[in-house]
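Sequence order for the protein chains is S and Z. Just so it is clear: in the first sequence, position 106 is 106 by our numbering, and no numbers are missing. Just so it is clear: in the second sequence, position 239 is 239 by our numbering, and no numbers are missing. All remarks here apply to the structure that follows.
2 protein chains.
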Amino acid sequence: MAQRHLDPTDPAATGPVPADALAAYLRAQATEFLRALRLHRETGGGAAGATAESVDAARALRRSARRISGSLHTFRPLLEETWAEELRPELAWVSGTLAREHAYQDRLERLLRALQRLSPQTATGGDAVTARRGAPAVALPAPALPDRGTSTGTGNLTVGAAKAGALLDRQLTLARTRAHSTALQALGSARFHAVADKVAVLASDVPLTPAARTTDLREPARAAEERLTDAVAALPLVTAGSPYNAAALAAGLSPDPSAHPQDAPWHQVRLLLRLHRYAREVLHGAGEAPMDVRLPAAGRALDRHRDASEAAAAAAAAARTPRIAPATAYALGVLHADQRHEVEAARFAFQQAWLKQPVGAGRGGGDPW
Amino acid sequence: MAQRHLDPTDPAATGPVPADALAAYLRAQATEFLRALRLHRETGGGAAGATAESVDAARALRRSARRISGSLHTFRPLLEETWAEELRPELAWVSGTLAREHAYQDRLERLLRALQRLSPQTATGGDAVTARRGAPAVALPAPALPDRGTSTGTGNLTVGAAKAGALLDRQLTLARTRAHSTALQALGSARFHAVADKVAVLASDVPLTPAARTTDLREPARAAEERLTDAVAALPLVTAGSPYNAAALAAGLSPDPSAHPQDAPWHQVRLLLRLHRYAREVLHGAGEAPMDVRLPAAGRALDRHRDASEAAAAAAAAARTPRIAPATAYALGVLHADQRHEVEAARFAFQQAWLKQPVGAGRGGGDPW
Numbered sequence: 001m002a003q004r005h006l007d008p009t010d011p012a013a014t015g016p017v018p019a020d021a022l023a024a025y026l027r028a029q030a031t032e033f034l035r036a037l038r039l040h041r042e043t044g045g046g047a048a049g050a051t052a053e054s055v056d057a058a059r060a061l062r063r064s065a066r067r068i069s070g071s072l073h074t075f076r077p078l079l080e081e082t083w084a085e086e087l088r089p090e091l092a093w094v095s096g097t098l099a100r101e102h103a104y105q106d107r108l109e110r111l112l113r114a115l116q117r118l119s120p121q122t123a124t125g126g127d128a129v130t131a132r133r134g135a136p137a138v139a140l141p142a143p144a145l146p147d148r149g150t151s152t153g154t155g156n157l158t159v160g161a162a163k164a165g166a167l168l169d170r171q172l173t174l175a176r177t178r179a180h181s182t183a184l185q186a187l188g189s190a191r192f193h194a195v196a197d198k199v200a201v202l203a204s205d206v207p208l209t210p211a212a213r214t215t216d217l218r219e220p221a222r223a224a225e226e227r228l229t230d231a232v233a234a235l236p237l238v239t240a241g242s243p244y245n246a247a248a249l250a251a252g253l254s255p256d257p258s259a260h261p262q263d264a265p266w267h268q269v270r271l272l273l274r275l276h277r278y279a280r281e282v283l284h285g286a287g288e289a290p291m292d293v294r295l296p297a298a299g300r301a302l303d304r305h306r307d308a309s310e311a312a313a314a315a316a317a318a319a320r321t322p323r324i325a326p327a328t329a330y331a332l333g334v335l336h337a338d339q340r341h342e343v344e345a346a347r348f349a350f351q352q353a354w355l356k357q358p359v360g361a362g363r364g365g366g367d368p369w
Numbered sequence: 001m002a003q004r005h006l007d008p009t010d011p012a013a014t015g016p017v018p019a020d021a022l023a024a025y026l027r028a029q030a031t032e033f034l035r036a037l038r039l040h041r042e043t044g045g046g047a048a049g050a051t052a053e054s055v056d057a058a059r060a061l062r063r064s065a066r067r068i069s070g071s072l073h074t075f076r077p078l079l080e081e082t083w084a085e086e087l088r089p090e091l092a093w094v095s096g097t098l099a100r101e102h103a104y105q106d107r108l109e110r111l112l113r114a115l116q117r118l119s120p121q122t123a124t125g126g127d128a129v130t131a132r133r134g135a136p137a138v139a140l141p142a143p144a145l146p147d148r149g150t151s152t153g154t155g156n157l158t159v160g161a162a163k164a165g166a167l168l169d170r171q172l173t174l175a176r177t178r179a180h181s182t183a184l185q186a187l188g189s190a191r192f193h194a195v196a197d198k199v200a201v202l203a204s205d206v207p208l209t210p211a212a213r214t215t216d217l218r219e220p221a222r223a224a225e226e227r228l229t230d231a232v233a234a235l236p237l238v239t240a241g242s243p244y245n246a247a248a249l250a251a252g253l254s255p256d257p258s259a260h261p262q263d264a265p266w267h268q269v270r271l272l273l274r275l276h277r278y279a280r281e282v283l284h285g286a287g288e289a290p291m292d293v294r295l296p297a298a299g300r301a302l303d304r305h306r307d308a309s310e311a312a313a314a315a316a317a318a319a320r321t322p323r324i325a326p327a328t329a330y331a332l333g334v335l336h337a338d339q340r341h342e343v344e345a346a347r348f349a350f351q352q353a354w355l356k357q358p359v360g361a362g363r364g365g366g367d368p369w
């Protein structure tokens, strides 16, 4: 069983947290990065048909790359400046490049699931591809009383849903395939090998500054926490906590529906929450200490917010495809609005998670974490 | 100030409520019907350009027609059977015919308000008509990065919103005009004069049955209340009380999107709530006694539910217009989903209103009203 620590963020805890904890964390994450990279290569991560193992390996690779990169940012006063400033963007490039393929895949699955919910007869996944190849362009019939005889799936709005699914499938599969090629090229590039070499060195030798020996890790960790709480304080949480506020779809038919400026502060909080979480991992020893129960739920809500926001944008982008049938455009409009309501639901979930009493808040009261 | 009554629905109250209260209520509503009818004629209710006074008069006419009709239903064992069974459907015809014109007007305003919210640059109302006449069919451009330069209102989705608004304006204005003509014809018809004559008799002479003299009005009123509570108990209130349950848009792209079978039980509860409210008015003397505070809020939520449901259906119906541009269809899809979320929001509001502690529930406990 893991050794129990006193909570290092507890103001009542005695003594500073030394830089050794950061060095140990970075070494462990670098080792994990190398392990995942080896596993990724062994499981044929480069091949077109990625296995479940290679997908897991790629995920582990991104996970450690994000943690190293995030820690270099939060604890930069303790680390050799030139080295950290060179490595950090390279790690962000690695995790970003690897993430893209899976993001397109997840986005497609989210949108097809939503279409399935909106139109239970709609073919999804592989069937959607069939529908795409087989379905001819269908004109909308004249307005009339509802065709109550068309529940066999030939109703034109169901056709619209099927065609919308096929269109999204085509567009997002193409994007995913391109992202896969880009990731393959990246993993074989001299640029990536240089990153891997640096991480290999990091696994044994962390370049701390001389000043790091006398610095308390809690200071930069607290600064990361403050950046998060400041950003959360600027969110419209009162609105978000009022169900069905209809804020997420406001201006949803504006000229540029794929860029919802209102989403940006939430995306920013998502990144700051992640940095805060990694800083806590550094302090606590990864996974050993009890975490603030709010963080996982809040993080999941913000992930869902990001995913729904991007799925809504993908539906709007698909609606700008030339020569689509009105029924397809209609289905994409419904789908876009559905995902914008998912955005709103995610904000509500974040607000609910955030306002939950944090662990230990009732005891000390000084530290909201 | 109105005379204070003891609460006649209070089980602790002594003695039955006699049929005189029903007779007084029906006489008062009949008098109000005749007053509103006279006012409607004096204010030119028949003319094409209805004044605010004639609109108010028509509303008062419908209001009293509904109350007489509802009371004939709830208290039918106390009233002469043939007379009541003849008058009731005729009053329903009057209120239904008069309601239709205003319903189309309200539906159009609701949809144009929603479009305004979804696309702040969209012209609405009179401007939408201009847009309808002026805007040429605009093809969707190729998919591309968002056109960040198009915030001047020429973005094609804004065009889609404007054209959707113009289409709805055209369709619902036409429907309203037809409903207006139908209402005019109805008010001038022999059928209506026969109804008015019967109401004139009712204003002085209520045909109670001999048995009515010994019947307690609270019995039929309680039966109406039980029909309401049974219908509410069958509603999916647990789902409705969970925000963002996404139930209202489920199967929203099914072949027949204008008929949401899931809405029917809510519409039924709306009617039963109204009958219960009128029965309470009979018992309490209209407007004199304190009402259950839940009823107005619950009723408003169900009105909103009905309005949003019908607005969503109107958007879906407009999307079946032949030869509309994809951008218009997309906007109508967003609008449909928006109104279905309004449906869901209304159910949530009803659930919240319903679960509020009813007035006096803490005192006696026997009567939930």
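The beta-carbon is built from N, C-alpha and C at its ideal position, and this holds for glycine as well.
- Using a CB distance below 8 Å, the part of the region 101-125 of chain Z facing chain S consists of L115, R117, L118, S119, P120, Q121 and T122, ordered along the chain.
- Within the region 23-49 of chain Z, no residue has a Cβ lying closer than 9 Å to any Cβ of chain S.
- The Cβ atoms of S/E81 and S/T214 do not sit closer than 9 Å to each other.
- Chain S places a beta carbon closer than 9 Å to that of Z/T158, counting this residue as a contact.
- S/S181 has its alpha-carbon roughly 28 Å from the corresponding atom of S/V201.
- Contact with chain S is absent for Z/A211, since none of that chain's Cβ atoms lies less than 9 Å from the residue's Cβ.
- In this structure Z/R62 is in contact with Z/L98, their Cβ atoms being roughly 5 Å apart against a cut-off of 8 Å.
- Bridge partners of Z/L208 according to DSSP: Z/L79.
- Of all residues in the region 320-339 of chain S, only R320, T321, P322, R323, I324, A325, P326, A327, T328, A329, Y330, A331, L332, G333, V334, L335, H336, A337 and D338 place a beta-carbon less than 9 Å from a beta-carbon of chain Z.
- By the beta-carbon neighbour count (other beta carbons within 10 angstroms, threshold 16), Z/D230 is exposed.
- Spatial neighbours of S/Q29 in its own chain (CB-CB distance under 7 Å, excluding positions within 5 residues in sequence) are listed in chain order as S64, R67 and I68.
- Taking CB atoms only, S/F350 has no neighbour in chain Z less than 9 Å away.
- The region 231-241 of chain Z and the region 349-356 of chain Z touch, with no fewer than 3 CB-CB distances between them shorter than 8 Å.
- Along the length of the region 217-258 of chain Z, whole alpha helix (DSSP H) runs at least 4 residues long occupy 218-233 and 237-240, reported in chain order.
- Secondary structure of S/A114 (DSSP, three-state): helix.
- Only residues of its own chain outside the window of five on either side were considered, and among them none has a CB closer than 6 Å to the CB of S/R222.
- Among the CB atoms of chain Z, none fall inside 9 Å of the CB of S/A166.
- Neighbours of Z/A161 in chain S, taken as residues at a C-beta separation under 8 Å, are given in chain order as L253.
- For S/E344, the nearest CB of chain Z lies under 9 Å from its own CB, placing it at the interface with that chain.
- In terms of beta-carbon proximity, S/H305 stays away from the interface with chain Z, with every pair separated by 9 Å or more.
- Residue contact with chain Z for S/H73: absent (no Cβ-Cβ distance below 9 Å to any residue of chain Z).
- Among the CB atoms of chain Z, one or more fall inside 9 Å of the CB of S/H341.
- DSSP, read as helix, strand or coil, puts S/K198 in helix.
- Around S/R304, the same chain offers A346 as residues with beta carbons nearer than 6 Å, after the five sequence neighbours per side are excluded.
- Assigned with DSSP and collapsed to three states, S/A52 falls in helix.
- Under the three-pair Cβ rule at 8 Å, the region 27-42 of chain Z does not count as touching the region 99-108 of chain Z.
- In this chain, Z/S119 is not harboured by any alpha helix (DSSP H), its DSSP state being neither H nor E.
- Inside the region 322-362 of chain S, DSSP marks whole alpha helix (DSSP H) runs of 4 or more residues at positions 326-355, from first to last along the chain.
- Scanning S/Q185, S/R277, S/A313 and S/A308 for the CA closest to the CA of S/P296 turns up S/R277.
- Per the Cβ contact rule, the region 316-330 of chain Z is in contact with the region 314-333 of chain S (3 or more Cβ pairs under 8 Å).
- Residues of the same chain with a CB within less than 6 Å of the CB of Z/R227, apart from the 5 flanking positions on each side, are L272 in chain order.
- Of Z/P18, Z/V17 and Z/F33, the smallest CA-CA separation from Z/A203 is found for Z/F33.
- Rounded to the nearest whole angstrom, the C-alpha separation of Z/L78 and Z/L174 is 43 Å.
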